[in-house]
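Participant:
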Amino acid sequence: MTRLVAECLSDGTIFRREEVEHTTPSGERRHLGVTISPIRKGQEKINGAICLLSDLTELAALQQQMQLKENLAALGELSAGIAHEFKNALATISGYAQMIRAEELGSEASDYADHILEQTRSITHVVTEFLKYARPFEISNEPVQMQVVVERVISEIAEANPAVQVRLAERLAMCPEMKDCCARRF
């Protein structure tokens, strides 16, 4: 900022919407917007300069966060595209391995084809899981009858481990807006 003020005072340069970084006495870094204009009395030489400072620190932080989110979104799209291409290549490799295995080339070639198929299935599973993670998960926003959910959980616990005794002490009350939800099973 010192350089800008000095240049304005020496040759009358006007600076509009410049951005500078300032460190406060406490060591905090602030982003400032600066507009500097020379002060003259008539046609005389420059008597001084007027500086308008705006603290843009919060705005700069928000812009940085937005840029990070945009970069992460672009990276996610790129990653999903790459993963999709991997799946296509793996499907081709798997197809050729199946064709090799179907030919009567001997047990060694058939074993190699089986290993190729096993590995392509494994990698395809990893890529599929990655794609599930890369896609945004949609959560439905609808009312759920808790009595039905709790009964289902109790039933699943009883099936999984008959030694565990779980019982519902009382029925859960139904909300007035959920009259027809009891018929739905999850």
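Oh and the sequence shown: position 83 is 87 in the working numbering, straight run, nothing missing. Note that the Cβ used here is the ideal one computed from N, Cα and C, for glycine as well.
Using the rule of at least 16 other Cβ atoms within 10 Å of the residue's Cβ for burial, across every protein chain shown, is Ser98 buried or exposed?
Facilitator: The residue in question, Ser98, is buried, as its Cβ has 16 or more Cβ neighbours within 10 Å.
Participant: Rounded to whole angstroms, what's the CA-CA distance from Ile161 to Gln151? Just pull it up for me.
Facilitator: Looking at the two C-alpha atoms, the distance is approximately 15 Å.
Participant: Comparing the C-beta of Arg156 with each C-beta of chain D, is any distance below 7 Å?
Facilitator: Given the protein chain composition of this structure (a single chain), no chain D is represented.
Participant: How is Ser41 classed by DSSP in three states: helix, strand or coil?
Facilitator: Strand, per DSSP.
Participant: Going by the CB atoms, is the gap between Ala87 and Phe134 shorter than 7 Å?
Facilitator: Cβ distance < 7 Å, so Phe134 and Ala87 count as in contact.
Participant: Taking just the CA atoms, how far does Val148 sit from Lys91?
Facilitator: Near 37 Å, if we compare the C-alpha coordinates of Val148 and Lys91.
Participant: With DSSP collapsed to three states, give me the class of Asn51.
Facilitator: Strand.
Participant: Is it buried or exposed for Ile43, if we count other Cβ within 10 angstroms and need 16 for buried?
Facilitator: Looking at its Cβ environment, which holds fewer than 16 other Cβ atoms inside 10 Å, Ile43 is exposed.
Participant: How is the alpha helix (DSSP H) around Arg20 delimited, first residue to last?
Facilitator: Careful: Arg20 lies outside any alpha helix (DSSP H), inside the beta strand (DSSP E) at 19 to 27.
Participant: From Ala106 to Ala93, what does the alpha carbon distance come to, in whole angstroms?
Facilitator: Taking the straight line joining both Cα atoms gives about 20 Å.
Participant: Would you tell me roughly how many angstroms separate the C-alpha atoms of Ser58 and Val38, rounded to the nearest one?
Facilitator: Taking the straight line joining both Cα atoms gives about 7 Å.
Participant: By Cβ distance below 8 Å, which residues in the same chain neighbour Leu172 in space, the five residues on each side in sequence not counted?
Facilitator: Excluding positions up to five away in sequence, the list reads Val154, Glu155, Ile158.
Participant: Counting only the same chain and skipping the five closest in sequence on each side, list residues whose C-beta sits under 6 Å from that of Cys186.
Facilitator: With a pLDDT of only 46 at Cys186, under the threshold of 50, the placement of this residue in the model should not be trusted; the figure read from the coordinates follows. Answer for Cys186: Gln149, listed in chain order.
Participant: Quick check on Phe190: does DSSP put it in helix, strand or coil?
Facilitator: Here the model assigns Phe190 a pLDDT of 37, short of 50, so the residue's position is not dependable, and the following value carries that caveat. Phe190: coil per DSSP, three-state reduction.
Participant: Is the distance from the Cβ of Leu60 to the Cβ of His35 below 7 Å?
Facilitator: For Leu60 and His35, yes; Cβs fall inside 7 Å.
Participant: Assuming the contact rule is C-beta atoms closer than 8 Å, Val24 and Ala53 should be a hit. Round their C-beta distance to whole Å, please.
Facilitator: Their Cβ separation, rounded to whole angstroms, is 15 Å, which puts Val24 and Ala53 out of contact at 8 Å.
Participant: Can you tell me the Cβ-Cβ gap for Ala95 and Ile120, rounded? I've got them flagged as a contact below 8 Å.
Facilitator: No, Ala95 and Ile120 are not in contact; Cβ-Cβ is about 13 Å, not under 8 Å.
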